[in-house]
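Going by the working numbering, 321 is the number at position 294 of the sequence shown; the sequence numbering is gapless. We put the beta carbon where it would ideally sit given N, CA and C, even for glycine. Just below is one structure, and these are the notes that go with it.
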Amino acid sequence: MNEIIHKVKQYAKKKSGSIAYTVYDEMKTDELLESDYTIDSLTWEELDKYSDRLAGYKSIYTKSREPLIVYGHKSKYMIVCFMACAKSGHTYIPVDVSIPISRMEDIIDSVKPEMILATEDGNFPLPMNCKYLSPKSIESISHDEQYKVAEGISVKLKDTFYIIFTSGSTGKPKGVQISTECLTNYINWAKNMGGGISQHTYRFLNQAPFSFDLSVMDIYLSLYTGGTICAITKNVQKSLKLLYKVLSEIDINIWVSTPSFADVCLSDRCFNNTLLKHLKSFLFCGEILTNRTAMKLHENFSESIIVNTYGPTESTVCVTQIVIDEEILNAYSPLPVGVAKPGTWIFIVDKDGNHLPEGEQGEIVIVGDTVSIGYYKNEEQTKKVFSRYTIDGKEYRLYHTGDKGYLKDGQLFYCGRIDFQIKLHGYRIEIEDIENNLVRVSCVQKAVVLPNFDNSNRVKSLTAYLVYKKDGIEEESSDFQLSQKIKSELKQFVPEYMVPKKIKFVDSIPMTMNGKVDRKALEGNQK
């Protein structure tokens, strides 16, 4: 049996009534006229039984074992759907409700699923011969004892466990395939991070949406070790007052988030070990952890361990780790992202693929047992960045990350992107993806997007330089009104986090002598 499924069944017997998953969402109370929150929980026994029944239903009503889309936000039935897919031999594809309809259509067009499981209602077109399970249907099937899953049909070690779609330079998202083997190898290493995660007791914060691979860290570390996933919805995260109220009561032990989310929380003095009395460790991934943020966390949480990690979606969440203690803080700025896990090797190469010595900056290349098997139905993109590499007579997958970095004192240091890919608030974004979608906006003729960096070389926002079509634009429209119109229309094509904060209108886009966009000239306009 699949090891992850085996763990769930094991805990369903050992601690049947204990909580496996809890979601905290906003609730407006009429009496108090202020934000409060709701709690919805799932026990281990319910997770196992509900996913068994849903898997049994899917076995009857699907003809193939092709991937299925799971749409929603943080409902407890999202976790049920994930496990039901695994039990019935299906790869699952998480899609968050924040994804625009046009992007959802791109994913559907790429996958052509037999079934879409929706834990929240979504206004998107269904492909032909695709069965749609509504939130009510999923709940009803989960409680129907007539559905039973057959043995021996769960996803196998070499099968793809999940696919996460990320930003693509063509304007179309690409699906990163992570096998059961990759996920299992990752978990067996990650459970030792931050001094180790004890069995059956820890409560994990889930901040990231499930379509963002950072969520894999808290979901599967918790499911594997018998902990409790404490998920906070986007509505809770939008209100600092409500967020602190929830944090004060959920009693988490393992904090999993991007560094920027911790920065938001640190904006209030109450974010300290009085608020989170039993916090054991911070696990950070997805973007640069600055010395300033780490230092502030040390001051506020003197007994908690801070772990910095690095890894793209294509390498299964992360492949390096380092505990950021006072010695590391005093020795390095910027901070290192750590050493590679067992079964993984990291090389720094130049543009010709030659290995560079310690201290020299180049592209980060990852080789190892958690590297993705490639992009779903995208041979061309897969061949560009994935290959094979032999170490000590054994062949491993190799991935060209497109990230800049260097090795020093045995530690990896991350220095940003080589190409037009950036990280903003933990999300990986292809700049060309935004540009290609901007020109789909009715009044935009040409578009160039540039990242804006803070003092720690972390991307803090995006600026779009646009040449707009004068036809169809009302003469009395101000630049502000036009900017708002463009942003509103762009949200139909890309997630909100990819919409540039600033829009500047130019008469023309500067070009270099070889006919390429002169991004350096535009960068001069940002100063």
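Euclidean distance between Cα positions of residue i and residue j
| i | j | result |
| --- | --- | --- |
| E53 | S266 | 9 Å |
| Y423 | S469 | 47 Å |
| F413 | H427 | 7 Å |
| V476 | W71 | 46 Å |
| L153 | Y88 | 17 Å |
| I530 | L439 | 35 Å |
| C108 | L95 | 10 Å |
| D446 | D377 | 14 Å |
| P127 | G99 | 12 Å |
| F520 | P200 | 11 Å |
| K76 | Y229 | 23 Å |
| W216 | L184 | 17 Å |
| D171 | R80 | 7 Å |
| T65 | D436 | 48 Å |
| I259 | L303 | 15 Å |
| S294 | S196 | 34 Å |
| T417 | S169 | 46 Å |
| L579 | M155 | Outside the displayed span of the chain (28 to 554) sits residue 579, for which this structure offers no information. |
| Y51 | D123 | 17 Å |
| H382 | G389 | 9 Å |
| S125 | N280 | 28 Å |
| G43 | K36 | One detail in the question is off: residue 43 reads as Ser in this sequence, not Gly. Answer to the nearest angstrom: the Cα atoms are 9 Å apart. |
| L59 | Y359 | Since pLDDT at L59 reaches only 49, below the 50 mark, its modelled position is unreliable, and the value read off the structure follows with that caveat. If you take the alpha carbons of L59 and Y359, they lie about 49 Å apart. |
| W372 | T397 | 11 Å |
| E30 | K218 | 15 Å |
| G395 | L425 | 7 Å |
| Y159 | A145 | 7 Å |
| L10 | C112 | An answer regarding residue 10 cannot be provided, because it is not within the stretch 28 to 554 covered by the chain. |
| F151 | A474 | 28 Å |
Extent of the continuous alpha helix (DSSP H) run through residue i
| i | result |
| --- | --- |
| S206 | Here S206 belongs to no alpha helix (DSSP H); instead the beta strand (DSSP E) covers K201 to S206. |
| C112 | K103 to K114 |
| H33 | E30 to K41 |
| Q511 | D506 to L517 |
| Y88 | W71 to Y88 |
| I128 | I128 to V138 |
| A358 | E353 to A358 |
Beta carbon of residue i nearer than 8 Å to that of residue j
| i | j | result |
| --- | --- | --- |
| V494 | I536 | yes |
| T490 | N482 | no |
| L138 | I120 | The residue you asked about is not Leu; residue 138 is Val in the sequence shown. Cβ atoms of V138 and I120: closer than 8 Å. |
| K114 | V176 | yes |
| N299 | N327 | yes |
| V526 | K512 | no |
| T285 | H452 | yes |
| S225 | N233 | no |
| Q204 | Y402 | yes |
| N464 | L509 | no |
| H117 | K85 | yes |
| Y213 | T49 | no |
| G253 | Y38 | yes |
| E93 | E141 | yes |
| I315 | I333 | no |
| M105 | V97 | yes |
| N335 | V364 | yes |
Classification of residue i by the beta-carbon crowding that lies within 10 angstroms, buried from 16 upward
| i | result |
| --- | --- |
| G222 | exposed |
| L210 | buried |
| D430 | buried |
| A548 | exposed |
| I256 | buried |
| K496 | exposed |
| K103 | buried |
| R130 | buried |
| L324 | buried |
| F507 | exposed |
| I135 | buried |
Boundaries of the beta strand (DSSP E) in which residue i is found, first to last residue
| i | result |
| --- | --- |
| P121 | Y119 to D123 |
| A491 | V486 to Y495 |
| G443 | Q438 to R444 |
| L184 | Neither: L184 is in no beta strand (DSSP E) and is coded neither H nor E. |
| T336 | I332 to Y337 |
| R455 | Y454 to E457 |
| I349 | T347 to V350 |
| I373 | T371 to V376 |
| V471 | V471 to F480 |
| I536 | Careful: I536 lies outside any beta strand (DSSP E) and carries neither H nor E. |
| K450 | Q448 to L451 |
| L95 | L95 to G99 |
Inset, instruction - Could you pull out every unbroken alpha helix (DSSP H) segment of at least 4 residues lying fully inside the stretch 252-318, listed in chain order? - result: 261-265, 267-277 and 286-293
Legend entry - Ranges of the beta strand (DSSP E) found wholly within the stretch 224-253, counting only runs of at least 3: 230-233
Legend entry - Secondary structure, beta strand (DSSP E): runs of 3+ residues fully inside the stretch 378-421: 389-395 and 413-418
Inset, instruction - Could you tell me which uninterrupted beta strand (DSSP E) segments, each at least 3 residues in length, are contained entirely in the stretch 143-175, listed from first to last along the chain? - result: 158-160
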